[in-house]
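Converting from the sequence shown to this note's numbering requires adding 540 to each position, the first position being numbered 1.
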Amino acid sequence: MIKKAAVINDLSGFGKCSLTASIAILSVMGVQPCPMPTAVLTNQTGYKKFFSLDFTDYLHNYSEMWRENGENFDGIYSGYVADKRQIDIISDFIAQFKKSYTRVLVDPVMGDNGSLYSAYTAETCDKIKNLVKKADLITPNLTELCLLTDTGYEELVSKSDSDRYLDMISEIARKAVSHSNQTVIVTGIKKGGCIYNEVVSSSGVHCTKSLQYGSGFSGTGDIFASIICASVINGDDISLAAERATGFIETAIQDTVKEPYNKNDGINFEKFLYTLH
Ligand code: PXL
């Protein structure tokens, strides 16, 4: 039977992020994505203007109908939330649908480059701190790791030249999960013209490295988390999955920057999806 993942994320017409990325990636990796849209947007919120239809009031229909229909999931993956009330709904969803074999990935989407995304408030971030405790695996970028652990972002990145920078970050990540045997993958760590991702778990730290081209492309965190989600459901090793995700994104970005681009439009990942098959 094909493995299934409930994917709780928004559907944005432009930005190649969230469900647009996850549906394509999970599918090509042989996992059926079952989308539960948190919002429907004309384009992601990094553009100057966007229209967003908040789906909070309809989410209960998904859990009710899916429970009534006897659905079950090998994975549950949550990302962008359009309203702080959605965090309790996602928590309840995990409590209802998580079985012994269900892998739960919470991508604590909140911000990037030291700032919150425009639709996020401090209260939403506080609630996300509780949601991450329900996950087997979390994939914060460096900004989100700082928000989860009350670490000053600017102060941390001011030490990026230090030889100990990556160790400092894995120590912060370890603190974030010291209460459990979760895995944290810290994404988008910039240092010396490279981007690092750190996989931190009870079995140690594994670091992936790629060259940095431009910065802050829309959807890269979602593409990364989607590859990790499908890999974990398929029983792959997480460090190998992180290497694969890093290489995939690097290739797509290298292709994107060959022509004039707008980082809000995301990266040319479609051309390389076949490599994930
Ligand atoms: O990729 C993160 C993300 C997801 N969804 C929406 C966003 C963003 C980042 O800006 O705006 C709607």
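All residues carry an ideal CB built from backbone N, CA and C; glycine is no exception.
**OP:** Report, in whole angstroms, the separation of the C-beta atoms of L687 and A765, which I expect to be a contact under 8 Å.
**Re:** Position 147 of the sequence shown, counting from 1, holds the residue named residue 687. Position 225 of the sequence shown, counting from 1, holds the residue named residue 765. Contact check for L687 and A765: beta-carbon distance about 16 Å, past the 8 Å limit, so the pair fails to qualify.
Original post:
Assuming A659 and D614 make a contact with CB atoms under 8 Å, what is their CB distance in whole Å?
Top reply: Within the sequence shown, residue 659 is the residue found at index 119, counting from 1. Within the sequence shown, residue 614 is the residue found at index 74, counting from 1. Between D614 and A659 the Cβ distance is about 30 Å, and since that is not below 8 Å, they are no contact.
Original post:
At a cut-off of 6 Å, is G756 close to the ligand PXL when judged by its beta-carbon and the heavy atoms of the ligand?
Top reply: For this step, residue 756 is matched to residue 216 along the sequence shown. G756 Cβ: outside cutoff for every heavy atom of the ligand PXL.
**OP:** Report yes if the C-beta of D762 is less than 6 Å from at least one heavy atom of the ligand PXL; otherwise report no.
**Re:** On the sequence shown, position 222 is the one that residue 762 refers to. For the ligand PXL, a non-hydrogen atom lies closer than 6 Å to the CB of D762.
Original post:
Does DSSP put N549 in a helix, a strand or coil?
Top reply: Residue numbering aside, residue 549 sits at position 9 when the sequence shown is read from its first letter. When DSSP states are grouped into helix, strand and coil, N549 belongs to the strand group.
Original post:
Are the stretch 586-593 and the stretch 780-793 in contact at 8 Å, needing three or more beta carbon pairs?
Top reply: The stretch 586-593 vs the stretch 780-793: no contact.
Original post:
Which ranges does the alpha helix (DSSP H) cover as unbroken runs of at least 4 residues, wholly within the stretch 575-615, from first to last along the chain?
Top reply: Listed in chain order, the alpha helix (DSSP H) elements of length 4 or more contained wholly in the stretch 575-615 are 599-608.
**OP:** Indicate the three-state DSSP secondary structure (helix, strand or coil) for Y705 in the structure shown.
**Re:** The sequence position of residue 705 within the sequence shown is 165, counting from 1. In the structure shown, Y705 sits in a helix (DSSP, three-state: H, G or I).
Subject >> K667 (DSSP reduced to helix, strand or coil) >> reply: For this step, residue 667 is matched to residue 127 along the sequence shown. K667: helix per DSSP, three-state reduction.
Original post:
When every heavy atom of the ligand PXL is checked, does at least one fall within less than 6 Å of the C-beta of S585?
Top reply: As a first step, residue 585 is located in the sequence shown; it is residue number 45 there, counting from the start. Note that residue 585 is Thr in the sequence shown, not Ser. Yes; taking the cut-off as 6 Å, the Cβ of T585 has a heavy atom of the ligand PXL nearer than that.
Subject >> Residues that T796 bridges to, as DSSP identifies them >> reply: If you number the sequence shown from 1, residue 796 lands on position 256. According to DSSP, T796 bridges with nothing at all.
Subject >> As assigned by DSSP and simplified to three states, the class of G651 >> reply: The residue you call residue 651 lines up with position 111 of the sequence shown. If DSSP states are grouped into helix, strand and coil, G651 belongs with the strands.
**OP:** Give the straight-line distance between the Cα atoms of I616 and G787, rounded to the nearest whole angstrom.
**Re:** One-based indexing of the sequence shown puts residue 616 at position 76. One-based indexing of the sequence shown puts residue 787 at position 247. Straight-line Cα distance between these residues: approximately 24 Å.
**OP:** Give the DSSP bridge partners of R643, in chain order.
**Re:** Locating residue 643 in the sequence shown gives position 103, counting from the first residue. DSSP output for R643 lists G615 as bridge partner(s).
**OP:** Identify every run of the beta strand (DSSP E) within the stretch 716-768, keeping only runs that are complete inside it and at least 3 residues long; order them along the chain.
**Re:** Within the stretch 716-768, the complete beta strand (DSSP E) runs of at least 3 residues are 723-731, 734-741, 744-751.
Subject >> Test item: CB-CB of S631 and N583 under 7 Å >> reply: If you number the sequence shown from 1, residue 631 lands on position 91. If you number the sequence shown from 1, residue 583 lands on position 43. In this structure, S631 lies away from N583, with their beta-carbon atoms at least 7 Å apart.
Original post:
For K556, is the classification buried or exposed, using 16 other Cβ atoms within 10 angstroms of its Cβ as the cut-off for buried?
Top reply: For the purposes of this step, residue 556 is taken as the residue at position 16 of the sequence shown. By the neighbour-count rule (16 or more Cβ atoms within 10 Å), K556 is buried.
**OP:** Could you tell me the distance, in whole angstroms, from the CA atom of Y842 to the CA atom of R704?
**Re:** Residue numbering for the chain in the displayed model covers 541 to 817; residue 842 lies beyond these limits and cannot be assessed.
**OP:** Would you mind reading off the limits of the alpha helix (DSSP H) that contains C557?
**Re:** Position 17 of the sequence shown, counted from the first residue, corresponds to residue 557. Neither: C557 is in no alpha helix (DSSP H) and is coded neither H nor E.
**OP:** Please classify I678: does DSSP put it in a helix, a strand, or coil?
**Re:** Counting from one through the sequence shown, the residue named residue 678 turns up at place 138. Correct three-state label for I678: strand.
Original post:
Is there at least one non-hydrogen atom of the ligand PXL closer than 6 Å to the beta-carbon of C734?
Top reply: One-based indexing of the sequence shown puts residue 734 at position 194. No, the ligand PXL has no heavy atom inside 6 Å of this Cβ.
**OP:** On the DSSP bridge assignment, give the partners of V571 in chain order.
**Re:** Along the sequence shown, one-based indexing puts residue 571 at 31. Note: V571 sits in a beta bridge opposite K543.
**OP:** Just tell me which of Y814, S771, Y753, H600 has its CA closest to the CA of K798.
**Re:** As a working mapping, residue 798 is identified with position 258 in the sequence shown. K798 has its Cα closest to that of Y753, out of Y814, S771, Y753, H600.
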